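Undergrad:
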């Protein structure tokens, strides 16, 4: 059973990367041959990290539905990582509807309620964040809905947000240390705070980290 | 801009049925509040879509 799960994670990871590749080439006009050497390296890193992430997620005991939802989210994270643009709306809204339909099919009304509340909560919070605080861009509203649907409940959203916070702290610390080698602390801090990393990969890494941490702590 | 304000107002309003749906036990109240939440969310998306959500697809973050 574990071997089947390992293999389905690998297969879905490759499939998600393949679909992201098609969207990048056709919809976002970024085929492999047009990339410079730096962007090609970035794409290879994305493939490796994405496939390894899928295998890790599959081995944490995720169900097939969760694996499919994670693969759909990976497509958005992949295009966001490379171009800071998101895939077509049909894929983003479609994955939210798919998550709710699968929850209703497998767990009935209570499961549907959990998924619907999680995605609606993420939608509302990010919408207000965009409208009042200008914290992120409006395309991230769709990404947040997809993230909520992937998490599947408010508790999982809280755990995922904690994972995102951990990843963000790690990234900011690393960027700050690098900047401090070139400039004084105050300027380095200002330059780091001005940066806006794409939200898709951040949410992807945070969700994966939270899932794996929960798995380790439950042992 | 006006549509965005309506969208924000609908989103704020959405928190009421959302909170009820999150805490209510399974039954008619939960179903009704869930349906109302999803309807308000759809309305907010429709308000935001032309000016914000769709526009971001062609604009870097």
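Chains as they are written, first to last, in the numbering used here: chain A, 1 to 219; chain B, 1001 to 1061.
Even for Gly, the Cβ is constructed at its ideal location relative to N, Cα and C.
Only a predicted model underlies this, so the values are computations on that prediction, with no experimental measurement involved.
Can you tell me whether residue 92 of chain A is buried or exposed? The criterion is at least 16 other CB atoms within 10 Å of its CB, across all chains shown.
TA: The residue given as residue 92 of chain A occupies position 92 in the first chain. Residue 92 of chain A comes out buried.
Undergrad: Please report the distance separating the alpha-carbon of residue 219 of chain A from that of residue 212 of chain A.
TA: Within the first chain, numbered from 1, the residue matching residue 219 of chain A stands at position 219. Within the first chain, numbered from 1, the residue matching residue 212 of chain A stands at position 212. Each residue's alpha carbon lies about 11 Å from the other.
Undergrad: For a minimum of 3 consecutive residues, which ranges assigned as the beta strand (DSSP E) are wholly contained in the region 139-194 of chain A?
TA: Fully enclosed beta strand (DSSP E) runs of 3 or longer: not present.
Undergrad: Relative to chain A, which residues along the region 1013-1041 of chain B have a C-beta separation below 8 Å, given in chain order?
TA: From the region 1013-1041 of chain B, only 1014, 1015, 1018, 1021, 1022, 1026, 1030, 1031, 1034, 1037, 1038 and 1041 have a Cβ closer than 8 Å to chain A.
Undergrad: Which residues, in chain order, does the region 91-123 of chain A contribute to contact with chain B at a C-beta distance below 7 Å?
TA: Here the close residues are 109, 110, 113, 116, 117, 120, 121 and 123.
Undergrad: So with Cβ pairs under 9 Å, would you call residue 1044 of chain B a contact of chain A?
TA: Residue mapping note: residue 1044 of chain B aligns to position 44 of the second chain, counting from 1. Yes - at least one Cβ of chain A is within 9 Å of the one on residue 1044 of chain B.
Undergrad: Secondary structure at residue 136 of chain A, three-state DSSP: helix, strand or coil?
TA: In the first chain, residue 136 of chain A corresponds to position 136, counting from 1. Correct three-state label for residue 136 of chain A: coil.
Undergrad: Between residue 1050 of chain B and residue 1037 of chain B, is the Cβ-Cβ spacing less than 9 Å?
TA: Along the second chain, read from residue 1 onward, the residue named residue 1050 of chain B stands at position 50. Along the second chain, read from residue 1 onward, the residue named residue 1037 of chain B stands at position 37. It is not a contact, given that the beta carbons lie outside the stated cut-off.
Undergrad: Do you know offhand how far residue 26 of chain A's Cα is from residue 86 of chain A's?
TA: As a first step, residue 26 of chain A is located in the first chain; it is residue number 26 there, counting from the start. As a first step, residue 86 of chain A is located in the first chain; it is residue number 86 there, counting from the start. The straight-line gap from Cα to Cα measures roughly 13 Å.
Undergrad: Output the distance between the C-alpha atoms of residue 186 of chain A and residue 19 of chain A, rounded to the nearest integer angstrom.
TA: As a position in the first chain, residue 186 of chain A is number 186, starting the count at 1. As a position in the first chain, residue 19 of chain A is number 19, starting the count at 1. Going by the C-alpha atoms only, they are around 43 Å apart.
Undergrad: Taking C-beta pairs closer than 8 Å, name the residues in chain B that residue 128 of chain A reaches, listed in chain order.
TA: Position 128 of the first chain, counting from 1, holds the residue named residue 128 of chain A. Here the neighbours are 1008, 1011 and 1012.
Undergrad: Residues of chain B with a CB under 9 Å from the CB of residue 144 of chain A: which are they?
TA: Taking the first chain and counting its residues from 1, the one referred to as residue 144 of chain A is at position 144. None at all; the shortest Cβ gap to chain B is about 11 Å.
Undergrad: Spatial neighbours of residue 5 of chain A within its chain, please: CB distance less than 7 Å, with the 5 preceding and 5 following residues excluded, ordered by chain position.
TA: As a working mapping, residue 5 of chain A is identified with position 5 in the first chain. These residues qualify, in order along the chain: 58 and 59.
Undergrad: Alpha carbon to alpha carbon, how far is residue 109 of chain A from residue 89 of chain A?
TA: Stepping through the first chain from its first residue, residue 109 of chain A is reached at position 109. Stepping through the first chain from its first residue, residue 89 of chain A is reached at position 89. Looking at the two C-alpha atoms, the distance is approximately 26 Å.
Undergrad: Quick check on the DSSP output: the alpha helix (DSSP H) that includes residue 84 of chain A runs from which residue to which?
TA: In the first chain, counting from the first residue as 1, residue 84 of chain A sits at position 84. Residue 84 of chain A -> no alpha helix (DSSP H), and no H or E assigned at all.
Undergrad: What is the residue span of the alpha helix (DSSP H) that residue 201 of chain A lies within?
TA: As a position in the first chain, residue 201 of chain A is number 201, starting the count at 1. That run of the alpha helix (DSSP H) goes 199-218.
Undergrad: With DSSP as the reference, label residue 1024 of chain B as helix, strand or coil.
TA: The count along the second chain starts at 1 and reaches residue 1024 of chain B at position 24. If DSSP states are grouped into helix, strand and coil, residue 1024 of chain B belongs with coil.
Undergrad: Among residues of its own chain, excluding the 5 on either side of residue 122 of chain A, which ones have a beta-carbon nearer than 7 Å to its beta-carbon?
TA: In the first chain, counting from the first residue as 1, residue 122 of chain A sits at position 122. Excluding positions up to five away in sequence, the list reads 144, 145, 147, 148 and 157.
Undergrad: So what does DSSP say about residue 62 of chain A, is it helix, strand or coil?
TA: Translated into the one-based positions of the first chain, residue 62 of chain A becomes position 62. In this structure, residue 62 of chain A counts as coil in the three-state DSSP scheme.
Undergrad: Within its chain, find whatever has a CB closer than 7 Å to the CB of residue 84 of chain A; leave out the 5 residues flanking it on each side and keep chain order.
TA: For this step, residue 84 of chain A is matched to residue 84 along the first chain. The residues are 198.
Undergrad: Classify residue 204 of chain A as buried or exposed, calling it buried when 16 or more other Cβ atoms lie within 10 Å of its own Cβ.
TA: By 1-based counting over the first chain, the position of residue 204 of chain A is 204. The residue in question, residue 204 of chain A, is buried, as its Cβ has 16 or more Cβ neighbours within 10 Å.
Undergrad: Compare the C-beta of residue 60 of chain A with all C-beta atoms of chain B and state if any pair is closer than 9 Å.
TA: Stepping through the first chain from its first residue, residue 60 of chain A is reached at position 60. Residue 60 of chain A does not count as touching chain B.
Undergrad: Within 10 angstroms of the Cβ of residue 69 of chain A, are there 16 or more other Cβ atoms? Answer buried if so, exposed if not.
TA: Mapped onto the first chain, residue 69 of chain A falls at position 69. Buried, because 16 or more other Cβ atoms sit within 10 Å of the Cβ of residue 69 of chain A.
Undergrad: Helix, strand or coil for residue 196 of chain A? Go by DSSP, reduced to three states.
TA: Within the first chain, residue 196 of chain A is the residue found at index 196, counting from 1. The answer is coil: DSSP assigns residue 196 of chain A none of H, G, I, E or B.
Undergrad: Return the chain-ordered list of same chain residues with a C-beta closer than 8 Å to the C-beta of residue 1060 of chain B, the five sequence neighbours on each side being excluded.
TA: Here residue 1060 of chain B refers to the residue found at position 60 when the second chain is read from its first residue. At residue 1060 of chain B, the pLDDT of 42 sits below 50, so the modelled position is not reliable and the matter cannot be decided from this model.
Undergrad: Just confirm the distance between the C-beta atoms of residue 210 of chain A and residue 162 of chain A, as a whole number of angstroms; I'd bet it's less than 8 Å.
TA: Within the first chain, numbered from 1, the residue matching residue 210 of chain A stands at position 210. Within the first chain, numbered from 1, the residue matching residue 162 of chain A stands at position 162. At roughly 6 Å, the Cβ-Cβ gap stays under 8 Å, so residue 210 of chain A and residue 162 of chain A are in contact.
Undergrad: Exposed or buried, residue 96 of chain A, counting other C-beta atoms within 10 Å across all chains shown (16 or more means buried)?
TA: Position 96 of the first chain holds residue 96 of chain A. It counts as buried.
Undergrad: Among the residues of its own chain, which have a CB less than 6 Å from the CB of residue 53 of chain A, if the five just before and after it don't count?
TA: Start at 1 with the first residue of the first chain, and residue 53 of chain A comes out as number 53. Once the five neighbours on either side are set aside, the close Cβ partners of residue 53 of chain A are 208.
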